[in-house]
Structure formats: C-alpha cells, structure tokens
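In the numbering used here, the protein residues as written are 20 to 333.
One structure below.
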C-alpha cells in the first residue's frame, strides 16, 4: 500500500487559525518580548531569531498545558529565557548561577533602555547569561524577584543579589566607549543583479538567479522550498512594483523594499539572501514581523508601511 505523504490542507488551515488566535491573545506583550530578546542576545538580529523561536515554542507547548495560562506575559518571557539558556548550552557557554551573597553597594538603575543595551554590549564578558536575564527581567521589564526566580530557575535572594552586583558593574562602564563599526561589504554581483531585476519588475530575470531548490521564507508568514513553489505561491502575481536598495542595518547588509504611501516613502519589507556558487539559495523576508519592521524603520529614519495586505498594523 502506498503511504500518503501529503499534509491535509484543512489541517494546515486549522493550525494557522490557532497561530492567529494566539498572536491576538498575546499581542499586548510582543513588543516588550522582542526588546527583551534583543537585549538578552545583544543583537537585534539574534534577538529576532530568539523571538521567533519563542513564539513558535509558545504555540507548540499549548498542547501540553493541562490548565489555563493565567499570566500570558510571564509565559512568553519564561519560554524566551529558557530558549536562550538552551542555546547558550548548545554553544558550550556557561549559563551561570545566581549566588545569594550580596554586595554592599546598590549601584545604579538604567531608565534609558538604549543606554542599558549599549552597556550590556560593553560588559557582556563580565556577566553570565543568567545574570543578564535576571537584570533585564527585574530592572527593565519590572517582573518581581519571585517571578524572575522562576524564569531563571534560581531563588528570590539570588535574584536580588545578582541584580545588585550587575548594577554595580554597569555603574563602572565608560559609556563614552563605542563598539567598533562594521564596514559595508563589497557589492556582490548576484545581489546587484537581483536588485536590478526587482526594480525593473523583471520577474523571470529575478527567478533565474535562484537555485531550483531555493528556500523562500517570510518569517512567521510562509515557507517555500523550491523555485516551483515560489512560482505557484508567493510570486504567483509577479513582483509588487516597489523599489529596493541595499543598506546596512544593525551592522548587516540587507535589502530594503520601499513603497509610496500616505507618509511618503515607507518601509515595506526587509530581505536577506544567501548566495552560493553564484546562485541565490536562500531568501528571507521580514514582511510579517511587526516589531522588527517598526524597530528597523526607526533605525533607518523611515516610516513603516502599516497597511499592506494581508496585514494591518494601524
């Protein structure tokens, strides 16, 4: 008997509805969650990856719940913290512990979150992942020490002592010291060819740059695993008619797609491509990622496009 290898379309539809319902249920906390992931990892890019992993896990773990979730924010932040610790362990990093011995100096608190982010960059080698998480959860996102102790798997006394020591270390940081900037990469001929085809609306020329089994993903939106799936799926209506150009965003070269809206030029999408053997083998889009697009637009000095079917962020 031949085994059916397909996944029923109705099942895909039902799971997508569950995801949409869950997104609505936690929407009040996703902005804080994204910022937490960004600060925790020390990078908007790594933070975005952690955010996505957290959301996918949060939805997937619902099937293992035997009671209702009484605190949605706590649920999300706990999963993000555990996911980050697991990643650190896979990378052979010491997660650390929170000893209860207190320092005699209270140190300072950072009300400016951007200042805190920069300080954490500079002091990263002096704080363990668990200490960074405790500081962020307690000082920035205002969880109680008891809540934090549950998230980082420590004690209340350990949280208080760790935060106190971290504040003292942060108070010694010279905030005049800046991170070394990353210079722009040399233009890649395939990327430039992609930009030319996109801006000329040349659908066939653009697709010719992709490998037959190229992966095309819009984070938390859709996934396609071949050029044929792209033709039948996300690109079945051709190119959108917007303009695109290459920029440096958070020290990484990316392609931004721009549209003309009610506020003039607006940020429509952010794209990343991987090129091997003069062929695009992976194309990633942040079209559906509200928190990421909003933060990127602010960084680039652009207005984000809030209404772009099928999403409406207005």
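We put the CB at the ideal spot given by N, CA and C, even for glycine.
Residue range of the beta strand (DSSP E) that residue i falls in?
{"i": "residue 54", "result": "Careful: residue 54 lies outside any beta strand (DSSP E), inside the alpha helix (DSSP H) at 49–60."}
{"i": "residue 291", "result": "283–295"}
{"i": "residue 264", "result": "262–268"}
{"i": "residue 271", "result": "271–280"}
Which stretch, first to last residue, makes up the alpha helix (DSSP H) that contains residue i?
{"i": "residue 93", "result": "91–109"}
{"i": "residue 167", "result": "164–171"}
{"i": "residue 308", "result": "First-last for residue 308: undefined, no H or E at that position."}
{"i": "residue 259", "result": "Unbroken run through residue 259: none, as it is neither H nor E."}
{"i": "residue 69", "result": "63–79"}
What is the DSSP secondary structure of residue i, counted as helix, strand or coil?
{"i": "residue 43", "result": "helix"}
{"i": "residue 208", "result": "helix"}
{"i": "residue 114", "result": "coil"}
{"i": "residue 35", "result": "helix"}
{"i": "residue 331", "result": "strand"}
{"i": "residue 253", "result": "coil"}
{"i": "residue 181", "result": "helix"}
{"i": "residue 230", "result": "strand"}
{"i": "residue 175", "result": "helix"}
From the DSSP output, which residues share a beta bridge with residue i?
{"i": "residue 235", "result": "243, 302"}
{"i": "residue 322", "result": "285"}
{"i": "residue 222", "result": "Bridge partners of residue 222: none, in fact."}
{"i": "residue 157", "result": "In the DSSP output, where bridge partners are listed per residue, residue 157 has none listed."}
*Does the pairing of the stretch 52–65 with the stretch 155–162 give three or more beta-carbon distances under 8 Å?*
yes
*asked:* Contact between the stretch 234–241 and the stretch 297–310 is defined here as three or more beta-carbon pairs at a separation below 8 Å; is this criterion met?
replied: yes
*State whether the stretch 274–288 contacts the stretch 73–82, with contact taken as three or more CB pairs (one from each stretch) at a distance under 8 Å.*
no
*Are the stretch 306–321 and the stretch 217–234 in contact at 8 Å, needing three or more beta carbon pairs?*
no
*Hey, is the stretch 244–256 in contact with the stretch 322–330, meaning 3+ C-beta pairs nearer than 8 Å?*
no
*Per the contact definition of three or more C-beta pairs closer than 8 Å, is the stretch 88–96 in contact with the stretch 47–55?*
yes
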